[in-house]
Structures are given as C-alpha cells and as structure tokens.
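Its first residue numbered 1, the sequence shown is counted upward by one per residue in full-length UniProt numbering.
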Amino acid sequence: MEPAGPGRVLIDSEEDALSDDLADSIPDSDDEHPGGSTTSRKAFTNTRERWRQQNVSGAFSELRKLVPTYPPDKKLSKNEILRMAIR
Numbered sequence: 001m002e003p004a005g006p007g008r009v010l011i012d013s014e015e016d017a018l019s020d021d022l023a024d025s026i027p028d029s030d031d032e033h034p035g036g037s038t039t040s041r042k043a044f045t046n047t048r049e050r051w052r053q054q055n056v057s058g059a060f061s062e063l064r065k066l067v068p069t070y071p072p073d074k075k076l077s078k079n080e081i082l083r084m085a086i087r
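#1: Do the region 49-65 and the region 73-82 make contact, defined as three or more Cβ pairs closer than 8 Å?
#2: Thinking C-alpha only, which one of R50, P68 and K42 is nearest R83?
#3: Between the C-alpha atoms of R64 and R50, what's the straight-line distance to the nearest angstrom?
#4: Just how far apart, CA to CA, sit L66 and T39?
#5: If you draw a straight line from the C-alpha of T45 to the C-alpha of K74, how long is it?
#6: Quick one: what does DSSP say L76 is sitting in, helix, strand or coil?
Written out as structure tokens, the structure is:
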C-alpha cells in the first residue's frame with residue numbers, strides 16, 4: 001500500500017488497512033512488563049492520532065489550493081479555508 005502523505009486523503013478501506021498495519025507494527029510487550037498492554041495501546045493510539053492529524057492537514061492543503069485568496073501567498077487559517085470553500 002502506498003503511504004499517506006500530506007495532501008492525500010484516504011478512503012475508509014485504506015484507513016482500516018492502515019490501522020491493521022499500525023497494529024502489527026507495535027510490539028507486544030506484555031511479557032516484559034505487567035502493564036505492557038496499556039503501553040502498546042497508548043503507542044498505537046498516539047500513532048493513529050498522528051496519522052489522523054497529518055491526513056486532516058493534507059486535506060486542508062488540498063482544499064487551500066482550490067480557494068482563491070488575495071494576495072495569493074497569504075496563509076489562511078483552517079477556519080478561513082472552510083469559510084471561503086463554502087462560498
């Protein structure tokens with residue numbers, strides 16, 4: 001599967017596959033520490049949240065390209081991007 005980079009929005013099936021890949025990449029540390037399951041779950045949750053934030057930021061970057069602004073190099077906030085997109 002192609003990695004999701006900034007500016008790439010994933011569909012649900014890709015998101016599910018990515019979640020499975022992330023779950024497989026987190027080592028099982030239950031044998032090493034009594035609380036290993038919680039540690040693994042926290043690491044997985046952090047990884048998934050980081051991916052989600054990158055996905056949302058990428059979607060805003062793509063939407064930003066479609067919204068006209070003056071001057072063209074003005075950096076818009078997410079709120080401004082959404083407001084201009086619905087006009």
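All C-beta atoms in this analysis are idealised placements derived from N, C-alpha and C, irrespective of residue type, glycine included.
Considering the structure as presented:
#1: Contact between the region 49-65 and the region 73-82 is present, because at least three Cβ pairs lie under 8 Å.
#2: For the purposes of this step, residue 83 is identified with residue 83 of the sequence shown, where counting begins at 1. The candidate whose alpha carbon is nearest that of R83 is P68.
#3: Translated into positions along the sequence shown, residue 64 becomes position 64. Translated into positions along the sequence shown, residue 50 becomes position 50. For R64 and R50, the gap between their C-alpha atoms comes out near 21 Å.
#4: Here residue 66 refers to the residue found at position 66 when the sequence shown is read from its first residue. Here residue 39 refers to the residue found at position 39 when the sequence shown is read from its first residue. Rounded to whole angstroms, L66 to T39 spans 41 Å at the Cα level.
#5: Here residue 45 refers to the residue found at position 45 when the sequence shown is read from its first residue. Here residue 74 refers to the residue found at position 74 when the sequence shown is read from its first residue. The straight-line gap from Cα to Cα measures roughly 34 Å.
#6: Locating residue 76 in the sequence shown gives position 76, where the first residue counts as 1. It is coil, neither helix nor strand.
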